[in-house]
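Under this note's numbering, think of the first position of the sequence shown as 829, with each following residue one higher.
Just so you know, even glycine gets a beta-carbon here, dropped at the ideal spot from N, CA and C.
Here is the structure we will look at.
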Amino acid sequence: KSGDIFVADHNNNKIRKISNGKVETYYDKLTNPRGLCVDKFGNVVVADSGNHTLKLINTNGEMSILAGNGKPGFADGIKESAQFNIPCRVTYGNSGNFYVTDLNNHRIRKVTPEGLVTTISGSNISGIVNGDSLHSQWNNPSGITIDDRTGN
């Protein structure tokens, strides 16, 4: 519900919820969750880094794989045909898409609500190169957010 706080408890392999002054386990079938966000429908999307997937936990507490096949690697694609190599942080934009830092692939990825993964920035080369988004270089990108304010 609105105002609940969700926490990726990385080393305990759980998503925990703080609500009305109480802490409870919200979901516990994960491996090293790192980042999470809540979409406009109240679904929690988790970067399940140890399983190299993005998981969606709906408001009934049911989990499904949004994207990734569980094997470390790199591939754009839909749902399980996509691959990540330690998805780290995830954020949600007003457009309805999710944006993920793919740590060991040195890339920024966009994931649609249907699970279509595309690379929006980076190459598989670690570095610091600005310029064309797909030829840019990152060195283990870890944090991400979106400025969705109108007029920016």
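Pull up the CB-CB distance for residue i and residue j, whole angstroms please, since I reckon it's below 8 Å.
i	j	result
glycine 943	leucine 894	5 Å
Going by C-alpha distance, which of the options is nearest residue i?
i	options	result
tryptophan 966	Thr940, Leu931 and Arg917	Leu931
glycine 924	Ile974, Asp867 and Leu962	Asp867
phenylalanine 912	Val928, Ser847, Tyr855 and Leu962	Val928
aspartate 904	Thr940, Ala875 and Asp876	Thr940
aspartate 876	Ile843, Thr853 and Gly870	Ile843
asparagine 922	Asn839, Arg937, Asp856 and Thr973	Thr973
lysine 845	Gly889, Glu908, Lys883 and Thr881	Gly889
Do residue i and residue j have their CB atoms nearer than 8 Å?
i	j	result
asparagine 841	asparagine 860	yes
cysteine 865	valine 945	no
glycine 863	cysteine 916	yes
tyrosine 855	methionine 891	yes
phenylalanine 834	leucine 882	no
Tell me whether residue i counts as near the ligand NAD, meaning its Cβ is closer than 7 Å to at least one heavy atom of that ligand.
i	result
arginine 862	You won't find the ligand NAD in this model; it holds no ligand whatsoever.
What do you get for residue i, buried or exposed, if any count of 16 or more other CB atoms within 10 angstroms of its CB means buried?
i	result
serine 830	exposed
valine 874	buried
asparagine 848	exposed
histidine 963	exposed
isoleucine 914	buried
phenylalanine 869	exposed
Checklist entry - Touch check for the segment 954 to 964 and the segment 885 to 900: three-plus C-beta pairs under 8 Å? => result Touching, no.
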